[in-house]
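The structure appears right after this line, and notes come after that.
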Amino acid sequence: MMTILGLPRSSNLVVSVTLLVVGTSTWFELDQVRRLEQSAEFVFNRARAYRAAHEDGKARIAFEKYLAIVRTRGDNRLVANALASEGRFASMCNSPDAIQYFDRALALRPDYAHGYEDRAFCFYRQGQYKRALADFSSAIKLDPQIAEPYQYRSAVYLRMGDFDAALADANSAIQIDPQNYWSVAARARVYAKMQKNDLARTDWNNVIALNLDHVPCFYEYRAEFFDSINESALARQDRATAAALQSK
């Protein structure tokens with residue numbers, strides 16, 4: 689689990705402390721409560737709790753208080769990491785704030801490859817494919833040995849109808865990390881769009897073989913492929929497998 693300054697992402701603390709403050713000082717002396725309210729952990733968790741509840745205004749205020757605490761460390765890398773982390777969480781919560789946090793992180797750290805990758809993924813989710821393409825390309829330029837930006841850029845090219853570029857990026861991702869089944873799945877999708885069904889079938893079978901964690905969605909994805917080539921019996925079989933895995 690990723691942490692910022694060693695802090696957990698759980699929002700349980702904000703709930704329990706809030707109950708204590710709203711009630712009385714029975715469990716905590718008031719000065720202890722005040723100190724806790726000023727701590728990075730409390731403010732961080734409060735910001736996350738507001739964001740998860742889609743109270744973006746309150747989340748912004750709480751996060752800026754947390755960021756002020758981080759700035760006292762005097763390290764812009766920590767500040768940029770905190771901003772990017774908030775951008776990722778905001779994106780997960782479908783908050784409109786996500787992009788501005790990535791913008792601020794990259795302003796502090798223009799060499800932050802993962803920051804470009806994260807902002808690109810956010811643009812991709814919003815359907816802003818050209819901006820996503822530019823950011824994935826920036827991430828690749830800064831760190832060409834990470835597989836994920838190639839994999840995600842392949843998906844962007846596929847959306848834009850550039851199958852050759854999508855295939856080249858999927859191959860690059862697989863070359864960097866041959867065991868990454870997400871990259872193999874990306875290439876399988878490209879082959880299917882190119883109507884190279886034998887190659888797509890081989891890749892989907894390899895995805896299932898590499899999927900040692902038994903992630904159900906890959907059976908769903910292969911079922912969709914089988915449907916597209918009119919092999920409904922195999923599609924039903926994969927969907928049954930996915931359902932069985934989900935029930936565990």
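Mapping of the sequence shown onto the numbering used here: residues 689 to 936, in sequence order. Heads up, the beta-carbon is just placed ideally off N, CA and C, and yes, glycines get one too.
Can you give the Cα-Cα distance for residue i and residue j, rounded to whole angstroms?
{"i": "residue 739", "j": "residue 902", "result": "31 Å"}
{"i": "residue 913", "j": "residue 935", "result": "23 Å"}
{"i": "residue 909", "j": "residue 817", "result": "22 Å"}
{"i": "residue 928", "j": "residue 898", "result": "19 Å"}
{"i": "residue 924", "j": "residue 906", "result": "14 Å"}
{"i": "residue 711", "j": "residue 865", "result": "With a pLDDT of 47 at residue 711, under the threshold of 50, the modelled position of that residue is not reliable, and the figure given next carries that caveat. So the two alpha carbons sit approximately 53 Å from each other."}
{"i": "residue 813", "j": "residue 794", "result": "19 Å"}
{"i": "residue 781", "j": "residue 767", "result": "21 Å"}
{"i": "residue 916", "j": "residue 889", "result": "11 Å"}
{"i": "residue 868", "j": "residue 862", "result": "7 Å"}
Any idea if residue i is buried or exposed, counting beta-carbon neighbours within 10 angstroms, 16 or more meaning buried?
{"i": "residue 736", "result": "buried"}
{"i": "residue 720", "result": "Reliability of the predicted coordinates at residue 720 is poor, the pLDDT of 48 falling under 50, and the value obtained from them is presented with this limitation in mind. Under this definition residue 720 is an exposed residue."}
{"i": "residue 733", "result": "buried"}
{"i": "residue 893", "result": "exposed"}
{"i": "residue 930", "result": "buried"}
{"i": "residue 741", "result": "exposed"}
Terminal residues of the continuous alpha helix (DSSP H) containing residue i?
{"i": "residue 742", "result": "Run containing residue 742: none; DSSP gives neither H nor E here."}
{"i": "residue 769", "result": "764-780"}
Using beta-carbon positions only, say whether residue i and residue j come within less than 8 Å of one another.
{"i": "residue 785", "j": "residue 823", "result": "no"}
{"i": "residue 751", "j": "residue 774", "result": "yes"}
{"i": "residue 835", "j": "residue 805", "result": "no"}
{"i": "residue 855", "j": "residue 878", "result": "yes"}
{"i": "residue 895", "j": "residue 873", "result": "yes"}
{"i": "residue 790", "j": "residue 803", "result": "yes"}
{"i": "residue 858", "j": "residue 833", "result": "no"}
Any heavy atom of the ligand FAD inside 7 Å of the beta-carbon of residue i?
{"i": "residue 933", "result": "The ligand FAD is absent from the structure shown, which contains no ligand whatsoever."}
| query | Any contact of the region 918-935 with the region 868-885, i.e. 3+ C-beta pairs under 8 Å? | reply | Taking 8 Å as the limit for Cβ pairs, the verdict is that the region 868-885 does not touch the region 918-935.
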